[in-house]
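Visitor: Numbering (the numbering used here), first residue to last: 1105 to 1524.
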């Protein structure tokens, strides 16, 4: 398992439930994965070291969690040496690593999305913004860990985003190009699919919260919480997403010589005219994985192997009807600068059915001690007969966990709030 976040801990937790699994290694993992697997001190983008370890230890399957190693070509390297890997190739993963590529693909194949124009020149982008109807969305082209999108409600705000991305290079090379697009109005949701490049099987959907503060205020983060399923989701919407977005996208990538195998994530806006794509990601979502996999009834290993072996059409995937809610506990200051190294207490105090998935954690020098080591620290998750019951369980238990300068949103899955 490549990665160190709560998404990877959730995947390891689910994989460990399979009778087919004997041992799991995580690279580099966290204090949560250390309880279920062997953590390796290897960076997720150190592809050669990962490939060498997989070969020498005869690893049956490598699963790639984060986007950076996918964009760097980890799947290509593993396939070249004959090692089974669940994750998109570098060419297929460009649907996430380049928003310009993704937008051009959608426009070419009539996949519904916002109208947009891309720019590599700051002055041209600046002139274009000043002529647009507000609000307008400014997106950095490359990988930005969820921080490369600004919904600008004023021209000065849009110009500041352009200057930040293109002139000051706050996101590095990710801001060399930008997309300026119309701001779609509707209900946001995340759709996911397993695919072996031909068969496309949707997972259960989720909604996530990207802004740091309650009521969707403040800067974008990697995600502060999520829930599944959305209250507005039904079979008609499921069919529309399958037929108009996910299957056509997989088919388009195959036609372009970029066969996509793995988990495909569509960030969608459900408008009055139907679902539209906001962005694609080439992997499982975070924090959505934390509320989707607890609902999965089928052995995850069987699904991943079916994708790798090109026989996804031969497996039936079943999901629980239960609702699931997850709330992220973060370090104060995130997504900006924040302190780490604080002891976490109370991890054994929540009710037994509560799930705690680790992200920015590490083991301390004292026995049993766990310390904070990142911006997003934990995701606290509960299931219930409906969203309200699951939400109530999470917020009843989350206060039992403590670390210095802890912060979390208090409005996750409050269904009557805003666009959700």
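Glycine included, each C-beta is placed from N, C-alpha and C at the ideal position.
In its own chain, which residues sit with a C-beta less than 6 angstroms from the C-beta of residue 1187, not counting the 5 before and 5 after it?
Guide: For this step, residue 1187 is matched to residue 83 along the chain shown. Once the five neighbours on either side are set aside, the close Cβ partners of residue 1187 are 1158.
Visitor: Hey, could you find the ends of the beta strand (DSSP E) residue 1380 is sitting in?
Guide: Here residue 1380 corresponds to residue number 276 of the chain shown, with the count starting at 1. Its beta strand (DSSP E) spans residues 1378-1385.
Visitor: Contact defined as beta carbons within less than 8 angstroms: I believe residue 1448 pairs with residue 1465. What is the distance between those atoms, to the nearest angstrom?
Guide: Within the chain shown, numbered from 1, the residue matching residue 1448 stands at position 344. Within the chain shown, numbered from 1, the residue matching residue 1465 stands at position 361. Yes, residue 1448 and residue 1465 are in contact; Cβ-Cβ is about 7 angstroms, under 8 angstroms.
Visitor: Quick check on the burial criterion: 16 or more other C-beta atoms within 10 angstroms. Buried or exposed for residue 1495?
Guide: The sequence position of residue 1495 within the chain shown is 391, counting from 1. It is buried - the Cβ of residue 1495 has at least 16 other Cβ atoms within 10 Å.
Visitor: Going by CA-CA distance only, name the one from 1207, 1198, 1151, 1200 that's closest to residue 1184.
Guide: Indexing the chain shown from 1 puts residue 1184 at position 80. Of the candidates 1207, 1198, 1151, 1200, the one whose C-alpha sits nearest the C-alpha of residue 1184 is 1151.
Visitor: Around the C-beta of residue 1523, are 16 or more other C-beta atoms found within 10 angstroms, so that it is buried, or is it exposed?
Guide: Counted from its first residue, the chain shown places residue 1523 at position 419. Residue placement at residue 1523 is poorly supported in this model, since its pLDDT is 43, which falls under 50; the coordinates still yield a value, given next. The residue in question, residue 1523, is exposed, as its Cβ has fewer than 16 Cβ neighbours within 10 Å.
Visitor: Whole angstroms are fine: how far does the CA of residue 1387 sit from the CA of residue 1281?
Guide: On the chain shown, position 177 is the one that residue 1281 refers to. On the chain shown, position 283 is the one that residue 1387 refers to. If I take the Cα positions, the gap works out to 23 angstroms.
Visitor: For residue 1429 and residue 1395, which I take to be in contact (beta-carbon distance under 8 angstroms), what is that distance rounded to the nearest angstrom?
Guide: Looking up residue 1429 in the chain shown gives position 325. Looking up residue 1395 in the chain shown gives position 291. Yes, they are in contact, since the Cβ atoms of residue 1429 and residue 1395 sit about 6 angstroms apart, within 8 angstroms.
Visitor: According to DSSP, simplified to helix, strand and coil, what is residue 1321?
Guide: The count along the chain shown starts at 1 and reaches residue 1321 at position 217. Three-state result, residue 1321: strand.
Visitor: Beta-carbon within less than 7 angstroms of residue 1326's beta-carbon, same chain only, minus the 5 sequence neighbours each way: which residues are those?
Guide: For the purposes of this step, residue 1326 is taken as residue 222 along the chain shown, with counting starting at 1. Contacts found: 1249, 1250, 1390, 1480.
Visitor: Ordered along the chain, which non-local residues of its own chain (more than five positions away) have a Cβ less than 8 angstroms from that of residue 1458?
Guide: Taking the first residue of the chain shown as 1, we reach residue 1458 at position 354. The residues are 1484, 1485, 1486, 1497, 1498, 1501.
Visitor: So, at 6 angstroms on beta carbons, what are the nonlocal neighbours of residue 1285 in its own chain, with the 5 sequence-adjacent residues on each side left out?
Guide: Within the chain shown, the letter at position 181 stands for residue 1285. Around residue 1285: 1218, 1220, 1241.
Visitor: Go ahead and pull the three-state DSSP assignment for residue 1373.
Guide: Translated into the one-based positions of the chain shown, residue 1373 becomes position 269. If DSSP states are grouped into helix, strand and coil, residue 1373 belongs with the strands.
Visitor: Could you tell me whether the region 1223-1236 touches the region 1368-1379, where touching means 3 or more Cβ pairs closer than 8 angstroms?
Guide: Result no; under three Cβ-Cβ pairs closer than 8 angstroms.
Visitor: With C-beta atoms as the reference, is residue 1192 less than 8 angstroms away from residue 1365?
Guide: Working through the chain shown from its first residue, we reach residue 1192 at position 88. Working through the chain shown from its first residue, we reach residue 1365 at position 261. Yes; because the gap between Cβ atoms is below 8 angstroms, this pair is in contact.
Visitor: Pick from 1363, 1296, 1300: whose alpha carbon is nearest that of residue 1342?
Guide: Start at 1 with the first residue of the chain shown, and residue 1342 comes out as number 238. Answer by Cα proximity: 1296.
Visitor: Considering only residues of the same chain and omitting the five flanking positions on each side of residue 1118, which have a CB-CB separation below 6 angstroms?
Guide: As a working mapping, residue 1118 is identified with position 14 in the chain shown. Around residue 1118: 1397, 1404.
Visitor: Would you decide whether residue 1142 is buried or exposed? Buried here means 16 or more other CB atoms lie within 10 Å of its CB.
Guide: Locating residue 1142 in the chain shown gives position 38, counting from the first residue. Label assigned to residue 1142: exposed.
Visitor: What does the alpha-carbon distance come out to for the pair residue 1332 and residue 1315?
Guide: Against the chain shown, residue 1332 aligns to sequence position 228. Against the chain shown, residue 1315 aligns to sequence position 211. Distance between the alpha carbons of residue 1332 and residue 1315: 18 angstroms.
Visitor: Just to confirm the assignment: which complete beta strand (DSSP E) runs, minimum length 3, are found wholly within the region 1178-1224?
Guide: Fully enclosed beta strand (DSSP E) runs of 3 or longer: 1220-1223.
Visitor: On the three-state DSSP scale, how would you describe residue 1401?
Guide: Residue mapping note: residue 1401 aligns to position 297 of the chain shown, counting from 1. Correct three-state label for residue 1401: coil.
Visitor: What did DSSP end up calling residue 1157 once you bin it into helix, strand or coil?
Guide: Against the chain shown, residue 1157 aligns to sequence position 53. Correct three-state label for residue 1157: helix.
Visitor: At 3 residues or longer, and completely inside the region 1437-1518: list those beta strand (DSSP E) runs for me, N to C.
Guide: Counting whole runs of 3 or more residues, the region 1437-1518 contains the beta strand (DSSP E) stretches 1459-1462, 1465-1467, 1474-1476, 1480-1488.
Visitor: Start and end of the alpha helix (DSSP H) containing residue 1259?
Guide: Translated into the one-based positions of the chain shown, residue 1259 becomes position 155. Where residue 1259 is concerned, the enclosing alpha helix (DSSP H) stretches over 1259-1266.
Visitor: Along the chain, where does the alpha helix (DSSP H) containing residue 1343 start, and where does it finish?
Guide: Translated into positions along the chain shown, residue 1343 becomes position 239. Element bounds for residue 1343: 1339-1345.
Visitor: So that I know if they touch, is there some Cβ in chain C lying closer than 8 angstroms to that of residue 1507?
Guide: No chain C appears in the structure shown, which is made up of a single protein chain.
Visitor: Give the range of the beta strand (DSSP E) segment to which residue 1132 is assigned.
Guide: As a position in the chain shown, residue 1132 is number 28, starting the count at 1. Where residue 1132 is concerned, the enclosing beta strand (DSSP E) stretches over 1129-1132.
Visitor: Take residue 1318 as the anchor and find which of 1505, 1518, 1478, 1215 has the nearest alpha-carbon.
Guide: Stepping through the chain shown from its first residue, residue 1318 is reached at position 214. Ranking the options by Cα distance to residue 1318, first place goes to 1518.
Visitor: I'd like the list of long-range same chain contacts for residue 1410, defined as Cβ closer than 6 angstroms, with 5 residues on each side in sequence excluded.
Guide: By 1-based counting over the chain shown, the position of residue 1410 is 306. Contacts found: 1416, 1419.
Visitor: Do you know offhand how far residue 1516's Cα is from residue 1293's?
Guide: As a working note, residue 1516 is residue 412 in the chain shown. As a working note, residue 1293 is residue 189 in the chain shown. One C-alpha to the other measures close to 14 angstroms.
Visitor: Identify, in the order they occur along the chain, each residue of the same chain with its Cβ nearer than 6 angstroms to the Cβ of residue 1195, setting aside the five sequence neighbours on each side.
Guide: As a working mapping, residue 1195 is identified with position 91 in the chain shown. These residues qualify, in order along the chain: 1362.
Visitor: With 16 other CB atoms within 10 Å as the buried threshold, where does residue 1412 fall?
Guide: Taking the chain shown and counting its residues from 1, one reaches residue 1412 at position 308. When all chains shown are included, residue 1412 counts as buried.
Visitor: Since residue 1254 contacts residue 1234 with CB under 8 angstroms, what's their CB separation in whole angstroms?
Guide: Counting from 1 along the chain shown, the entry for residue 1254 is found at position 150. Counting from 1 along the chain shown, the entry for residue 1234 is found at position 130. Wrong, their Cβ atoms sit about 16 angstroms apart, outside the cutoff.
Visitor: What whole-angstrom Cβ distance do residue 1279 and residue 1244 have, given they're in contact under 8 angstroms?
Guide: Translated into positions along the chain shown, residue 1279 becomes position 175. Translated into positions along the chain shown, residue 1244 becomes position 140. Correct: roughly 4 angstroms between the Cβ atoms.
Visitor: What does the Cβ neighbour count give for residue 1116, buried or exposed, with the cut at 16 atoms within 10 Å?
Guide: Stepping through the chain shown from its first residue, residue 1116 is reached at position 12. It is buried - the Cβ of residue 1116 has at least 16 other Cβ atoms within 10 Å.
Visitor: Sorted by chain position, which residues of the same chain lie with C-beta nearer than 8 angstroms to residue 1358's C-beta, five sequence neighbours on each side aside?
Guide: Indexing the chain shown from 1 puts residue 1358 at position 254. Within the same chain, residue 1358 has close Cβ partners 1301, 1302, 1364.
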